Amino acid sequence: MDFLIFKAPMLMVQASLDGILLGILFALIAYGMALQWGVMNIINIAQGDLVILGGYIAYTMYLAGIHPAWGVIVSPIIMYFVGWALYKLVINKVVDRDLFISILATFGIAIVFQQLMNFIFGADVVVAQSEYGTTMLFDNSVTLPNSKIFSAFISVLYAIGLVIYMKKSKLGRAIRATAQNARAAKILGVDTEKVYAATFGINAALCGIAGALISITLTLHPYVGLPYTVRSFMIVIVAGLGNLPAVAVSGMGLGLFEEFADYILGTEFRIGAVFMLLVLILVYRRFKLSKKREYLK
Amino acid sequence: MNKIAKLFVTFISAITLALVSFSSSFAKVEGEYIVLGSAISLTGKYSSNGVHTQNGYNMAVERINKMGGVEVQGKKYKFEIIYYDDESNPKRAAQLAERLIKQDGVHYMLGPYSSGLTKAIAPVTEKYKIPMVEANGASRSLFTKGYKYLFAVLSPANQYLEVAIDLAVEKNGGKGVKIAQAFEQDAFSQDVRLGILDAAKRTGSEIIIDDKLPKELNDMAATLAKVKATKPDVLVVSGHTKGALTAIRQISEMKVDVPMLAMTHCDAAKLSKQHGKKSEFALCASQWHKNLSYKDKFFGSGKKYAKDFQKEFGYDPPYQSAESSAALLVFKDAFERANSFDRDAVRDALVDTEMQTFYGNIKFGPGGQNVAKPMILFQVRCKGDDCENRVVAPTKWASDKFYHPIPKWSERS
């Protein structure tokens, strides 16, 4: 059973495509995290909960009879303001403290969000239907839900848009300047407070898009945010901060690795294998770092 | 109703909590009230089923009190329940059980929602020798620990889908079948899995895929791709509501053709409503269905119960509510037979329980599980876009014939 995947080559294609499509979606969430981490040095534990909230916005639209795919436009707009408000209310009080305080603060936000979503939307698992159908390849032996293809496409679209925005726009340049050196940016006239609020808003908007996509591809529940936080954390750790291509590659790589781990090691070791990989990467990084230090001595 | 009602319930329980903590002298029987205690999930991830459980309890308390209450030594008593919110957290549940027993002086407990929380509370009630009748913990491991004060009105988890395998074998002309299964890695689902392993052994069936899904996973694409490649006769999935919804979504999207699909938690997931026609032909295990022909003098029949429940709470009762109501009937019966408030006398009376309720027959096995009630299976069937759950097994209550095999996706409209 273990090596079914080597007996059926089509499974290999299926696994690869599934992994890549899912990985792209995770990369989008991770990019928001990397951005915010790089600019503000905040690790946002509430990342996954922002994703789920974004998903519930799309789900609410679906209940109201609007196609949930429109969520990828509506949800980020609403979520931008949610992120902005969160910054003004909580984050700007902790942004100059150490990393630990910010982790605690966002952890608190995560709990509040979960409970709020539980009150508003109920504790049932819900799904929104896109009715996009299925793409069948190779004589029906590889099947890809169109909703997943749509998700990956939208994720890529937004990611490219964001890269261009960060390069060309005034705010984008200000964000990058602040990430490089906040003090210098401030002296040169960048309103860092505004930059921070915008960064938090952009991150929440990215989460909103991802959430809307998750509502049509996977399932929503007030308490499933944490796995998304953990995944994006891992992707960022692997890719490093402020490096979008690396985030995309690391997202897809992780998706692929997960799918193949599922076939080869078994489903129960799927998440474990990912964590194992994370440990190996951290050890390797540390190893490289310590070598560098020796050299400096 | 739900949101406002939930807020209200939480608010009320907060007040109760505040009031109760002032008067720590609550005893087992206060004046004309028999006080029962329960830690229940009013917030957190089990809160919807927690509320179903609480509604079931409350409905039975009200009904029993209205119909004369409990008669012990010639005097009439009424039931009253002290609730605490366990936040869906096992540690909290155990603390609250301790608090109910030690501070509030509760001598009889009702169970919480879910196997995990029942497992957390059972050692506490056992330590203080407090009889607990529970209605929402089905995990087999609850009944193998030798607990003497734990009684469950529901069938244990390993029985959930055994019937489905028997059905598959029957359709295969009595020969063993090829089974593909995917179970979440939690106590309940793994117990369901053990039941399937037993059934497979008994019927000479072969398990060709045996995936254990991590709890944080909500993607089954890999498992389903394996199913497509190996073509089993039956696919069995159990992973609470998330598992049921994910399975149907991805089976329909990936066009996975299996002759038979058996699951748990279809009704809790509102499968037929959320996925509509895509969920048609799925077989689902359930503890109870309102069409069963059991009767008692408090609620009448299942149908009557469903009607009254609908009137009181505004929604059709899920089996979690029905079994919770049944727990109170069991307590009433035991108090009256014991004719005493002595905990051990009540416990001994519970051991000898043999009764019928609208929910089913109840008789406790040596481990405390209910051995008198079979599980039932229903199948989602649709007329146009209207889908509902129809009972197909056991044959005694079947309202519809079991539809087999499931048509291929290419033939489904």
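Each protein sequence line maps, in turn, to chains A and B. If you're matching positions, the first sequence starts at 1 in our numbering and goes up one per residue. If you're matching positions, the second sequence starts at 1 in our numbering and goes up one per residue. Yeah, the Cβ is synthetic: ideal placement off N, Cα and C, and Gly gets one too. All values reported here derive from a predicted model rather than from experimental measurement.
Just mark residue i as buried or exposed, buried being the case when its beta carbon has 16 or more other beta carbons within 10 Å.
{"i": "A:D191", "result": "exposed"}
{"i": "A:R97", "result": "exposed"}
{"i": "A:P258", "result": "It should be noted that the sequence gives Glu, not Pro, for residue 258 of chain A. Burial call: buried."}
{"i": "B:T357", "result": "buried"}
{"i": "A:W70", "result": "exposed"}
{"i": "B:P317", "result": "buried"}
{"i": "A:F200", "result": "buried"}
{"i": "B:Q379", "result": "buried"}
{"i": "B:Y294", "result": "buried"}
{"i": "B:E71", "result": "exposed"}
{"i": "B:K311", "result": "exposed"}
{"i": "A:I187", "result": "exposed"}
{"i": "B:R347", "result": "buried"}
{"i": "B:L292", "result": "buried"}
{"i": "B:I40", "result": "buried"}
{"i": "B:T395", "result": "exposed"}
Who are the Cβ neighbours of residue i in its own chain at under 8 Å, not counting the five residues just before and after it?
{"i": "A:I43", "result": "M33, W37, L99, S102, I103, T106, F233"}
{"i": "A:K329", "result": "No answer is possible for residue 329 of chain A: the residues shown for chain A start at 1 and end at 297."}
{"i": "B:A221", "result": "Q250, M254"}
Along the chain, where does the alpha helix (DSSP H) that runs through residue i open and close?
{"i": "A:R97", "result": "Per DSSP, A:R97 belongs to no alpha helix (DSSP H) and is neither H nor E."}
{"i": "A:I154", "result": "146 to 168"}
{"i": "B:V163", "result": "162 to 171"}
{"i": "B:V72", "result": "It is not in any alpha helix (DSSP H) - B:V72 instead sits in the beta strand (DSSP E) that spans 70 to 72."}
{"i": "B:S189", "result": "187 to 203"}
{"i": "A:N203", "result": "192 to 217"}
{"i": "B:V35", "result": "Counting along the chain, B:V35 falls outside any alpha helix (DSSP H), though it belongs to the beta strand (DSSP E) covering 33 to 40."}
{"i": "B:T53", "result": "47 to 66"}
{"i": "A:F233", "result": "225 to 239"}
{"i": "A:S16", "result": "9 to 40"}
{"i": "A:F81", "result": "71 to 86"}
{"i": "A:F269", "result": "No alpha helix (DSSP H) holds A:F269; DSSP gives it neither H nor E."}
{"i": "A:I264", "result": "244 to 265"}
{"i": "B:L217", "result": "Careful: B:L217 lies outside any alpha helix (DSSP H) and carries neither H nor E."}
In the DSSP assignment, find the beta strand (DSSP E) that holds residue i and state where it starts and stops.
{"i": "B:G442", "result": "Absent from the model: residue 442 of chain B. The displayed extent of chain B is 1 to 413, so no value can be given."}
{"i": "A:L137", "result": "134 to 137"}
{"i": "B:F378", "result": "376 to 383"}
{"i": "B:V346", "result": "From DSSP, B:V346 is part of no beta strand (DSSP E) but of the alpha helix (DSSP H) over 343 to 351."}
Sort out for me which residues DSSP pairs residue i with in a bridge.
{"i": "B:Q356", "result": "B:N361"}
{"i": "B:V236", "result": "B:Q181, B:A262"}
{"i": "B:F151", "result": "B:V133"}
{"i": "A:Y62", "result": "Answer by DSSP bridge pairing: none, since A:Y62 is not bridged."}
{"i": "B:Y77", "result": "B:V70"}
{"i": "B:E414", "result": "The structure shown has nothing for residue 414 of chain B, since chain B only spans 1 to 413."}
{"i": "B:M109", "result": "B:G37, B:M132"}
Would you say residue i reaches chain A, if we count a Cβ-Cβ gap shorter than 8 Å as a contact?
{"i": "B:L245", "result": "yes"}
{"i": "B:P214", "result": "yes"}
{"i": "B:S293", "result": "no"}
{"i": "B:S23", "result": "Since pLDDT at B:S23 reaches only 45, below the 50 mark, its modelled position is unreliable, and the value read off the structure follows with that caveat. Not closer than 8 Å to any Cβ of chain A, the Cβ of B:S23 fails to qualify, so no."}
{"i": "B:F26", "result": "With a pLDDT of 43 at B:F26, under the threshold of 50, the predicted position of this residue should be treated as unreliable, and no value is reported."}
{"i": "B:Q190", "result": "no"}
{"i": "B:I406", "result": "no"}
{"i": "B:R249", "result": "yes"}
{"i": "B:Y46", "result": "yes"}
{"i": "B:E253", "result": "yes"}
{"i": "B:T223", "result": "yes"}
Using a Cβ-Cβ cutoff of less than 7 Å, which residues in the same chain neighbour residue i once the five nearest sequence positions on both sides are dropped?
{"i": "A:Y228", "result": "I29, Q47, G48, V51"}
{"i": "A:Y223", "result": "Q114"}
With 8 Å set as the bound, which would you pick, yes or no: does the beta-carbon of residue i sit closer than that to a beta-carbon of chain B?
{"i": "A:Y223", "result": "yes"}
{"i": "A:Q14", "result": "yes"}
{"i": "A:V51", "result": "no"}
{"i": "A:Y284", "result": "no"}
{"i": "A:A58", "result": "no"}
{"i": "A:F119", "result": "yes"}
{"i": "A:R47", "result": "A small correction: the amino acid at residue 47 of chain A is Gln; Arg does not occupy that position in the sequence shown. Cβ-Cβ to chain B under 8 Å: no for A:Q47."}
{"i": "A:P145", "result": "yes"}
{"i": "A:P9", "result": "no"}
{"i": "A:E259", "result": "yes"}
Looking only at its own chain, which residues have a Cβ that is under 6 Å from the Cβ of residue i, when we skip the five neighbours before and after it?
{"i": "A:V236", "result": "A30, M33, A34"}
{"i": "B:N49", "result": "Y113, Q320"}
{"i": "B:L283", "result": "A164, A262, L377, Q379"}
{"i": "A:G225", "result": "G48, D49, I52"}
{"i": "B:N55", "result": "F313, S321"}
Is any non-hydrogen atom of the ligand ATP found closer than 7 Å to the C-beta of residue i, if you look at the structure I gave you?
{"i": "B:D233", "result": "This structure lacks the ligand ATP, and indeed carries no ligand of any kind."}
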